[in-house]
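Colleague: Okay, so the sequence shown: first residue is 156 according to the working numbering, each after it adds one. Glycine included, every Cβ here is placed at the ideal spot set by N, Cα and C.
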Amino acid sequence: MRRWGIRKKVLVVTLIPTLLTTLMLGMFFTYSWVNNIESLLRDRGESLSRQLAAASEYGLFTANRSLLSNLSNALLEEQDVRSITFFDSDGARLLHTGPGSSEAVTSESLVSDNAIRIPREDSTRFVTPVSLQELMIETMLDPDARELGAEPRPPLGWVAVEMSHVRTEKETYKALLISLLLVLAGVVLSLVVALRLSRAFTDPVFELNEAVAKLKEGKLDTRVFTQAGPEFEQLESGLNAMAEELSKAQAEMQQNIDQATEDLRETLETIEIQNIELDFARKEALEASRIKSEFLANMSHEIRTPLNGIIGFTELLLKSPLPRQQRDHLSTIRKSSEILLTIINDILDFSKIEAGKLILDRVPFQLRDIVEEVMVMLAPAAHAKNLDLVPLVYNDVPDNIMGDPLRVKQVITNLVNNAIKFTQTGEVVLRASLEEDSEDSNRVTLRLSISDSGVGLSRAQQQSLFNAFSQADASTARQYGGTGLGLAISKRLVEEMGGKIGLDSELGKGSTFWFTLTSELSTSAESVAPRDGLQGERVIYLEQQTTTGLAVEHLLREWGITVDRVASPGALQEQIEEAQKRQAGYALAIIGITRHLLNSSQYCAMFRTLEIERDCRTLLLTPTLETHDTPLSGLASGHLTKPICRGAFYDELLLLVHGISSGGHLALDFDHRTTSLAATDVPRVLAVDDNDANLKLVMTLLKDCQIDAEGASSGFEALSKARKKPFDLVFMDLQMPGMDGVETTARLRDLDQSPHRTAVIALTAHALADEQDRLFQQGFDGYMPKPISSSQLTSIIREYTGYESVPASHNEQIRVPEIRDTRRAMRPSTRKMEQDCVSIRESIQLAAGKTDLAEELFSMLLEQVHNDQSQVAEFWRRGDLDGLLECVHKLHGATRYCGVPELRAAANRLETALKCAAPDIEHHKEQLLAAMERLQNWSEQTDWQRLFRAQSQPTETS
């Protein structure tokens, strides 16, 4: 209804009330008229039937048909009377006058004494009983007769008058027709009035609407005059005024448009000139960018080429025996060269990112291995400043994820290295946690944060910290060096990997750098064997550095080990002694110390007590040392450097607790590797480089790998040698005068004869993106960037020739402090309280108070124990129980004259078991061997001669 027009609404408002009123009046009039007609017919029929019943009383009483016929004929003259029928008292038809029949009146209908009406389709029959009236005078005078006469008497008969419906129906139709005509007349009249009114209202509206449409089309000279009333006159005047104002505004706007068009034309000409200038500037910028990229590539080559020789020959010199001062100078040269190489790598990485040529790998890797590699690599720098470097990776962090491990390692290294660089005291802690679970069960978001206890950063420094070539302050570059690109590169790398990076810092309270890493879980990673071999074991732990202690304790509990922490060496010894008294000693004592405690006499005494007197294995945790030859490392059963690596730590625990090796540690077996050399033919190698220093370095490294290689200083010389004999591997420099490395490689491919194919490895100082893919397309098999290291060279030789090379320097000097030979035998800790290993006082008492004799007897016992230890093992291996009994009997006898309670008791138990053929002979044998080993260790670690002489001093004084 909202969308109806004005005319339709006027018609509806006018017609609907009139139409409803007319219909209601017509229906009421018609209904009243029809009812009146029917009422008149009914009243007339009843009146006529009563009159005829009174008139026919005598005729029925006398059965005078003639009289009844005259009555009926006279009544038939009445309007609407169709037929008359007389019935006797028995209900039988006596006389019928008129059309039709009386079959419709049955005897059942004549029973009633009252008049009845019987309707039919085209007529209505009125039946009235005829009764005999008592009008005699004697009955009127005699009351008794009147009472008897008042008694009901059966009717003499019945009179039936049939009234026709023909005239009634005509009247009804007439009433309906008149009503319909009246309704139509009212509707037509209302329609005419409504149309007149609607036209008088809508025509001015249409004229106004047409005028508005013309104005909309831009015909601003349109004016409207409807002459429809005061309301429309106001609307007309407003519309005409608006049209006049619009006309004026249009004229003014057209003038402004003309002026703006002229100004725009001039501006477009200026912009066109600027676009031409910008196009020239863009071409110049692209050319400058290309020149910059070429300059970076050339500078990379020009700087890396001499660095290759400096670093390479420095490493070769460091492997040779040199005085300490010269070795320090060479170390300084190597560190300076590595710093310069780091700066070059940062600049090249930044240029890759800025050029949009950084390509990220997507391979499965283990996050914990990456973290451990970074911690081990940076540990010497942190420990040199007495910093506590700790990795904390929580249990819910998945290990096998997808991503670029090299770039993740680069970001972690940058952040940890910065934290170490700007922290003077305290600690640097790396935490890895699970930030949130994605709806996809195969995706996780990790958060890695590096916290330090340094000086912190102000808000102004934080705002510019991630900008390129920016550092905390101007003195930073002078004091610590660097380009200020580390954080900028880390930020761009993290963003490329879909994460975020930031920091939380407060001046004077340290800083926390963090970044997030969203990655998918890897399903193709190799499964790691479960480390469940130490579940249920108990260890005691003493640590001077709180955060390191928390990390180690967290790792031990993850493996199912019960850890008891102590705060001092005295508490450690006391708790171990109490545990052994309860026959529930610890499997291992882990002791972590700092640099200033390495030569502590208190700790040396504690290690002797635990290892010798308590027979409890100890594991020493120290910062990174230049050498492992420290007093404490010689006393402890095991020694690891901080931060702890999971694999090495677990293997060392397994060895110390159970005396077995898991094979997880790296063991150097030069005999085996020497055998493999003989089994593989030495490959024919050709090195090509136009720089004499680099060529000499490659040749020296190859000779160090026991490969007699040939060298060439140009592409022509390399082709000449390749035509004389085929080579298995060629190291090819790319940039050479005359014939470069790409052309030389293409000609070498022409010389290849099936099935032999020469493997060509590119040697280049370029490190730009897509370099490796382009080299593969140009026919190279591999890629080795400068500066060259011996490990890279060895790896490539093994990959492309299968030759297991061993640098000759391995036979001269090997400094691998982290590698331990885990194949040694190790006896687990004693879990219960044992007797004293040696008692000097008892030895002197058994020698009748003679100190010299006691010392001599103890020396003889030591020699005997040294020989008997191997004999006991040999007798047991051969199953010679008689020989074993004789050997143990002699040993038991010797212990009776010396103060060795533990060895004496063990020998006594084994001798008794052998004589009685007890089932636990092997157990007693192991106890005897353990006691013999403890006695030997005690004698090696203790100045027992001084102890004997010290006991003799009071006697001589007295």
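1. List the residues that DSSP assigns as beta-bridge partners of SER475.
2. Assess, as a yes-or-no matter, whether the stretch 1034-1048 is touched by the stretch 1095-1106 under the definition of 3 or more beta carbon pairs within less than 8 Å.
3. Answer with yes or no whether the minimum CB distance from ILE575 to chain B is below 8 Å.
4. Grab the span of the beta strand (DSSP E) containing THR252 for me, first residue to last.
5. Using DSSP with H/G/I as helix, E/B as strand and the rest coil, what is MET557?
6. State the start and end residues of the unbroken beta strand (DSSP E) segment that holds THR678.
7. Using a Cβ-Cβ cutoff of less than 8 Å, which residues in the same chain neighbour ARG220 once the five nearest sequence positions on both sides are dropped?
8. Using the Cα positions of LEU790 and ASP770, report the straight-line distance between them to the nearest angstrom.
9. If you run the structure through DSSP and keep just helix, strand and coil, what is ILE748?
10. Taking DSSP's pairing of strands, which residues face ALA404 in a bridge?
11. Please state if the CB of LEU727 and the CB of PHE804 are separated by a distance shorter than 8 Å.
12. If you follow the alpha helix (DSSP H) that ILE333 is part of, which residue opens it and which one closes it?
13. Using the Cα positions of LEU346 and GLN389, report the straight-line distance between them to the nearest angstrom.
14. If I'm right that LEU311 touches VAL285 with Cβ under 8 Å, what's the distance once you round it to whole angstroms?
15. With burial defined as no fewer than 16 other Cβ atoms inside 10 Å of the residue's Cβ, what is the status of ASN550: buried or exposed?
16. For VAL812, report the span of its alpha helix (DSSP H) as first-last.
17. For ASN754, does the count of other Cβ atoms within 10 angstroms reach 16, so buried, or fall short, so exposed?
18. If PRO553 sits next to VAL599, beta carbons under 8 Å apart, how far is it from one beta carbon to the other, in whole angstroms?
19. So is MET532 buried or exposed if we call it buried at 16+ other beta carbons inside 10 Å?
20. Are the stretch 311-325 and the stretch 192-200 in contact at 8 Å, needing three or more beta carbon pairs?
21. When burial is assigned at 16 or more other CB atoms within 10 Å of the CB, is HIS1021 buried or exposed?
22. If you measure between the beta carbons of ALA368 and THR185, is that distance less than 8 Å?
23. For a quick check, are the C-beta atoms of GLY665 and SER606 less than 8 Å apart?
24. Is the beta carbon of SER211 sitting closer than 8 Å to the one on THR252?
25. Is the Cβ-Cβ distance between THR667 and SER613 less than 8 Å?
26. Quick one, are the C-beta atoms of THR703 and LEU601 less than 8 Å apart?
27. Taking the alpha-carbon positions, what's the TRP1093 to ILE767 distance?
28. For a test of your reading of the model: does the CB of ILE644 fall under 7 Å from any non-hydrogen atom of the ligand ZN? Yes or no.
29. Assuming VAL843 and THR899 are in contact, meaning their beta carbons sit under 8 Å apart, how far apart are those beta carbons, in whole angstroms?
30. By Cβ distance below 6 Å, which residues in the same chain neighbour GLN1026 in space, the five residues on each side in sequence not counted?
31. Can you pull the DSSP bridge partners for GLY704?
32. Mind checking whether GLU809 and GLY1004 have CB atoms under 8 Å apart?
33. Let me check understanding here. Comparing Cα to Cα, which of LYS736, MET761 and ILE799 lies closest to MET530?
34. What did DSSP end up calling GLU232 once you bin it into helix, strand or coil?
35. Specify the secondary structure class of ILE239 as computed by DSSP and reduced to three states.
36. Starting from ALA536 and walking both ways along the alpha helix (DSSP H), at which residues does that stretch end?
Modeller: According to the data block:
1. SER475 is bridged by DSSP to nothing; it lacks a bridge partner.
2. Pairwise C-beta distances place the stretch 1095-1106 out of contact with the stretch 1034-1048, as fewer than three of them are shorter than 8 Å.
3. Looking at the structure shown, chain B is missing, and only one protein chain is on hand.
4. Per DSSP, THR252 belongs to the beta strand (DSSP E) from 248-252.
5. Residue state, collapsed to three classes: strand.
6. Unbroken run through THR678: none, as it is neither H nor E.
7. Within its own chain, the residues whose Cβ lies closer than 8 Å to the Cβ of ARG220, once the five positions on either side in sequence are excluded, are GLY214, LEU249 and LEU250, listed in chain order.
8. Cα to Cα, the separation comes out at about 12 Å.
9. Coil at ILE748, not helix or strand.
10. None, per the DSSP bridge assignment.
11. Contact flag unset, no.
12. Note, ILE333: alpha helix (DSSP H), 321-371.
13. Taking the straight line from one Cα to the other gives about 30 Å.
14. Approximately 5 Å separates the beta-carbon atoms of LEU311 and VAL285; this is inside 8 Å, confirming the contact.
15. Exposed, by the Cβ-count rule.
16. Per DSSP, the continuous alpha helix (DSSP H) segment holding VAL812 begins and ends at 801-813.
17. Answer is exposed; the Cβ neighbour count stays below 16.
18. Correct: roughly 6 Å between the Cβ atoms.
19. Its Cβ having fewer than 16 others within 10 Å, MET532 is exposed.
20. With the rule of 3 Cβ pairs closer than 8 Å, the stretch 311-325 counts as touching the stretch 192-200.
21. Burial check for HIS1021: the Cβ neighbour count within 10 Å stays below 16, so the residue is exposed.
22. Not closer than 8 Å, so no.
23. In this structure, GLY665 places its C-beta atom within 8 Å of the C-beta atom of SER606.
24. With respect to THR252, SER211 sits apart: the two C-beta atoms are not nearer than 8 Å.
25. Result no, Cβ atoms of THR667 and SER613 do not sit closer than 8 Å.
26. No, these two residues do not count as a Cβ contact at 8 Å.
27. Their backbone Cα atoms lie some 6 Å apart in a straight line.
28. Absence of the ligand ZN is noted for the structure shown, with no ligands found whatsoever.
29. For VAL843 against THR899, the beta-carbon gap comes to about 7 Å, under 8 Å, which counts as contact.
30. Only CYS1042 meet the Cβ criterion.
31. Answer is none; GLY704 lacks a bridge partner.
32. Contrary to the premise, residue 809 reads as Leu rather than Glu in this sequence. Contact flag unset, no.
33. It is ILE799 whose Cα lies nearest to the Cα of MET530.
34. Three-state result, GLU232: coil.
35. ILE239 falls in the strand class under three-state DSSP.
36. Residues 522-539.
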